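Engineer:
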Amino acid sequence: MILPGATLGLLGGGQLGMMFTVAARTLGYRVTVLDPDAHAPAAQFATRHLARDFNDEAALAELASSCAAVTTEFENAPAAALDALSSRTTVRPAGASVAIAQDRRREKTFFADHGFPVGAFACIDSAADLDAAAARVKFPALLKTARFGYDGKGQARVASRAELATQFAAWRGVPCVLEELLALEKEVSVVLARDAGGAVAVFPVAENSHARGILDVSIAPARVPAALAAEAVALASRLAQALDYAGVLAVEMFVVGGKLLFNEIAPRPHNSGHYTIDACRTSQFEQQVRVLCGLPLGDPSQHTPAVMVNLLGDIWRGGAEPDWAAVLEHPGAHLHLYGKREVRAGRKMGHVTVCEADPQRALDVALAIRSDLGIA
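Numbering (our numbering) for the sequence shown: 9 to 384.
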């Protein structure tokens, strides 16, 4: 075990890294953050900040020599950097697991090859693959870039073979995945922690709704039948085993026709797991620290129903600070702001989690806060 007092390394300094750093520092660890952004949110809480590129060899060498273990807070951290670090220090999750999540082609193929439920899809590496993709996936469909797509970016709806070709050309022929457009009943996610020995701790299933491709509201526990929630937990746990995963993993799933289909994975803590900070005995970020350091996993049980609302830059109208009194007047509401200096529409600036003994009361308060803040 790596005990408090040791230094942990973190690739990425965004809000997920900030919350990891707070959890680590609370437990008594030192944290070195590698992120080129001089004002990275995690750097505000870290012991040390290396403001250099993620592939900077000197910075990576410094992390490897000074940190007892290293993790990441975003899935687009260079897998090669993680692999290079792993030869000199403990790295969780492994670069191989992160690499699968970084490429939708590898991700979808991994699901299918290992027998996990997934909607119809086709990989498109070049224009020569368009006919086969159109034959495999019915229209309308979603075309997604294979890499660097998140929060609705790198996605387009296509209604025909012609539109597919036009959009593929507009993206300059970058590798893509074509996916069947499914009739979704619900979107749910499972966040779990798996240690290096294979022990798993799973948080309650969350029910999610999105706006413009970005998570808007999460409800935990999800309003789904107990059998479906249990199946989601079992599938996510089996996936973590298939990946030989060590770390915190989020698995997003669709409910279609009463059945679960995999959407995508995130090899890190997840937006839909933010409720665990205020509503569970152990947060997803403390679990990330525990897995990284080889500590026993914490108790993931939820003590209070919760609803989380994402706060995007859209509500900073004209650059003015939102009316936080609309949040803070509710005793069950917990406001989390990320300290980002630049406000942009669609940028995640914070979140609010409402915890109430009555699940409907939690939802009502969360929706009222959402309305009072002017979230469309």
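All residues carry an ideal CB built from backbone N, CA and C; glycine is no exception.
Bear in mind that the values here come from a model prediction, so they are computed numbers and not experimental data.
#1: By alpha-carbon positions, which one of 337, 36, 231 ends up nearest to residue 313?
#2: Closest to residue 80 by C-alpha separation, out of 74, 106, 72, would be which residue?
#3: Please check the pair residue 188 and residue 127, which I expect to be a contact at CB under 8 Å, by giving their CB distance rounded to whole angstroms.
#4: Could you say which of 32, 154, 264, 248 lies nearest to residue 296 if we only look at CA atoms?
#5: Count the C-beta pairs between the stretch 222-230 and the stretch 306-323 that are closer than 8 Å, then say yes if the count reaches three, no if not.
#6: State the DSSP-derived secondary structure class of residue 105, mapped to helix, strand or coil.
#7: Quick one: what's residue 267 bridged to in DSSP?
#8: Please determine if the stretch 28-46 and the stretch 69-79 are in contact, where contact requires at least 3 C-beta pairs separated by less than 8 Å.
#9: At the 9 Å Cβ level, is residue 164 part of the contact set with chain D, yes or no?
#10: Please report the residue range of the beta strand (DSSP E) in which residue 221 lies.
#11: Are there 16 or more other CB atoms within 10 angstroms of the CB of residue 350, so buried, or fewer, so exposed?
#12: For residue 384 and residue 288, I'd like the C-alpha separation in whole angstroms.
#13: Could you say which of 258, 212, 217 lies nearest to residue 237 if we only look at CA atoms?
#14: May I ask which residues mark the beginning and end of the alpha helix (DSSP H) holding residue 25?
#15: Please determine, among 348, 215, 183, the residue with the shortest C-alpha to C-alpha distance to residue 329.
#16: In whole angstroms, give me the CA-to-CA distance for residue 343 and residue 337.
#17: Tell me which same chain residues have a C-beta within less than 6 Å of the C-beta of residue 217, skipping the five on either side of it?
#18: Give the straight-line distance between the Cα atoms of residue 176 and residue 131, rounded to the nearest whole angstrom.
#19: Enumerate in chain order the residues of its own chain whose CB-to-CB distance from residue 57 is below 6 Å, with the five nearest sequence positions on each side excluded.
#20: Whole-angstrom Cβ separation of residue 201 and residue 209, contact assumed at under 8 Å?
#21: Between the beta-carbon of residue 247 and the beta-carbon of residue 100, is there less than 9 Å?
#22: Output needed for residue 284: all residues of its chain with C-beta closer than 6 Å, excluding positions within five of it in sequence on either side, in chain order.
#23: Starting from residue 301, trace the beta strand (DSSP E) both ways and give me its first and last residue.
#24: When the Cβ atoms of the stretch 262-274 are set against those of the stretch 60-72, are three or more pairs found closer than 8 Å?
#25: What residue range is occupied by the uninterrupted beta strand (DSSP E) comprising residue 116?
#26: Let me know the secondary structure DSSP gives residue 58 once reduced to three states.
#27: So, at 7 Å on beta carbons, what are the nonlocal neighbours of residue 323 in its own chain, with the 5 sequence-adjacent residues on each side left out?
#28: Using CA coordinates, which residue listed in 129, 368, 277, 310 is at the minimum distance from residue 298?
#29: Please classify residue 197 as buried or exposed, where buried requires at least 16 neighbouring CB atoms within 10 angstroms.
Structural biologist: This is what the structure holds:
#1: 231
#2: Nearest option by C-alpha distance: 106.
#3: 5 Å
#4: 32
#5: yes
#6: helix
#7: 264
#8: yes
#9: You won't find chain D in this structure, because it holds only one protein chain.
#10: Residue 221: not part of any beta strand (DSSP E); DSSP gives it neither H nor E.
#11: exposed
#12: 29 Å
#13: 212
#14: 23-34
#15: 348
#16: 11 Å
#17: So the list reads 224, 225, once near-sequence residues are dropped.
#18: 12 Å
#19: 41, 51
#20: 5 Å
#21: no
#22: So the list reads 211, 291, 292, once near-sequence residues are dropped.
#23: Premise fails: residue 301 lies in the alpha helix (DSSP H), 292-301, not in any beta strand (DSSP E).
#24: no
#25: Counted as a single uninterrupted DSSP element, the stretch harbouring residue 116 is not any beta strand (DSSP E) but the alpha helix (DSSP H) occupying residues 112-121.
#26: strand
#27: 330, 381, 382, 383
#28: Of the candidates 129, 368, 277, 310, the one whose C-alpha sits nearest the C-alpha of residue 298 is 277.
#29: So residue 197 ends up on the buried side.
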